[in-house]
Amino acid sequence: APAAPAKVVVRAAHLVDTQSGTVRDNPLVVIDGDKITEVRYDGQVPAGANVIDLGSATLLPGLIDCHVHLTGDPNEVKGDYYEAILKRSAIDSAILAPIYAKRTLDAGFTTVRNLGADDYVDVALRNAINRGDIPGPRMLVSGPPLGATGGHADGTTGFSPWIEFHGIDGVADGVDAIRHRIRENVKNGADVIKFMASAGVLSAEGSVGAPQYSQEEMNALVDEAHRWGRKVAAHAHGAEAIKMAIRAGVDSVEHSSMIDDEGLKLAKQKGTYLDFDVYNDDYILSEYAKKGFPASTVEKEKMVGRLQRENFQRAVKAGEKMAFGTDAGVYPHGWNGKQFAVMTKWGMTPMQSIQAATVNAADLLDMKGKVGAVAPGYFADLIAVHGDPIKDVSQLEHVGFVMKGGAVDKNEIKR
Ligand code: ARG
-14 APAAPAKVVV RAAHLVDTQS GTVRDNPLVV IDGDKITEVR YDGQVPAGAN
36 VIDLGSATLL PGLIDCHVHL TGDPNEVKGD YYEAILKRSA IDSAILAPIY
86 AKRTLDAGFT TVRNLGADDY VDVALRNAIN RGDIPGPRML VSGPPLGATG
136 GHADGTTGFS PWIEFHGIDG VADGVDAIRH RIRENVKNGA DVIKFMASAG
186 VLSAEGSVGA PQYSQEEMNA LVDEAHRWGR KVAAHAHGAE AIKMAIRAGV
236 DSVEHSSMID DEGLKLAKQK GTYLDFDVYN DDYILSEYAK KGFPASTVEK
286 EKMVGRLQRE NFQRAVKAGE KMAFGTDAGV YPHGWNGKQF AVMTKWGMTP
336 MQSIQAATVN AADLLDMKGK VGAVAPGYFA DLIAVHGDPI KDVSQLEHVG
386 FVMKGGAVDK NEIKR
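Numbering (the numbering used here) for the sequence shown: -14 to 400.
Written out as structure tokens, the structure is:
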């Protein structure tokens, strides 16, 4: 049997306490195995402990991104979108996904929720990470996202009907087919159910925000998922689709771009989390045309990007429940931290944006008590930055130290 790991103490100058929303000085985080046993401020290092001294750095809990796609990256499109998608299968995705997982972990994101992958590549990736075969963040995964024929989950839209596509996707129409599709995802290892309540930007249908399921279909979808103990994340840009999803009882709305006052009120009443991927717009508008994505995608982004940021600000002012979700995979993996600066530019305090990516995200993921805080009983998921993230949240784009479950992933902190 492997030797019991020695007690480890991580010390630094400051700790962002995400539970109280304060910064505390001179923390000593005591770790036994993969868990935190104690956080003390008296400077007393327990006898015999191995000390990792991070000097003047600031410690935070490992960050959480509630919306990623570790099975793809925009840099896979090298000038020709159709070349990239027509000549690749899920096996190509599976070859590259571990690289994206490692980049995400190195960026300080020790937990992610992967909301949509074909052929259950996400399930295999999660399992390989959990077995310790490859490094990567803790993952909750959805498997193939559910959606209507011709909608945002139907990757065959826009191609000639002569072309036959293979592989597992989440297309399902009507209540019975939806219930069946959810049971298949659960059977095959999904932790969470993702579905497309509205149209989208990176798909071929004309609309950006129109509803793509009926109210009856959404109600049945949430009913079925919850019966199997799975939370539901709804992709929704349009105001009507957002409200339909909230009325159906989803646990989070992803994108939330065109949410209106009634939608904000409903979300608050129902306790629905709103996730806004507000960094994406910058990347899509500056890079997608150059990379060879269809012009229609860039045109659709122009209709939604700015509006989404304005509505993010309204949601912050309204005091909505908000969690950090970036849709990484639309922009390059490892850049997740860039969204903090956009969130603070559009109305959040740095502490609020950090809480969105820690305590709030943990609540949405049902992982309270495990991740999102540096506290006794929590996983020893710790990161550190050189500067003060409360003064300058862009420090979180340069995470120098990452520990996941007591194991050091990287330490580039200069003392
Ligand atoms: N996956 C999303 C979609 O295709 C990306 C939206 C990105 N744009 C934005 N402004 N957040 O709809």
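Ideal placement from N, C-alpha and C gives every residue a C-beta, glycine not left out.
* CA-CA distance, residue 342 and residue 3? -> 10 Å
* Asked: For residue -14, does the three-state DSSP call read helix, strand or coil?
  -> Note that residue -14 scores 49 on pLDDT, short of 50, meaning its location in the model is unreliable and no value can be drawn from it.
* To do: Look at residue 223 and residue 196 and say whether their C-beta atoms are less than 8 Å apart.
  => yes
* To do: Determine the extent of the beta strand (DSSP E) in which residue 181 is found, giving its start and end residues.
  => 177 to 181
* To do: Tell me whether residue 324 counts as near the ligand ARG, meaning its Cβ is closer than 7 Å to at least one heavy atom of that ligand.
  => no
* Asked: At a cut-off of 7 Å, is residue 125 close to the ligand ARG when judged by its beta-carbon and the heavy atoms of the ligand?
  -> no
* Asked: According to DSSP, is residue 127 helix, strand or coil?
  -> coil
* Asked: Relative to the ligand ARG, is the shortest distance from any of its heavy atoms to the C-beta of residue 55 smaller than 7 Å?
  -> no
* Backbone CA spacing between residue 240 and residue 249 [nearest angstrom] -> 13 Å
* **CA nearest to the CA of residue 257, picked from 191, 337, 270, 228** => 228
* **Backbone secondary structure at residue 375 - three-state DSSP** => coil
* Count the other CB atoms, across all protein chains shown, that sit within 10 Å of the CB of residue 139; report buried if there are 16 or more and exposed otherwise. => buried
* Asked: Can you name, in chain order, every residue of its own chain whose Cβ lies under 6 Å from the Cβ of residue 25, other than the five neighbours on each side?
  -> 13
* Asked: Does the beta-carbon of residue 150 have 16 or more other beta-carbons within 10 angstroms, so that it is buried, or is it exposed?
  -> exposed
* Asked: Going by DSSP, which residues form a beta bridge with residue 364?
  -> 20
* To do: For my contact list, residue 44 and residue -5 are in at a C-beta cut-off of 8 Å; report their separation, rounded to the angstrom.
  => 7 Å
* To do: Have a look at -3, 5, 383 and flag the residue whose alpha-carbon is nearest the alpha-carbon of residue 28.
  => -3
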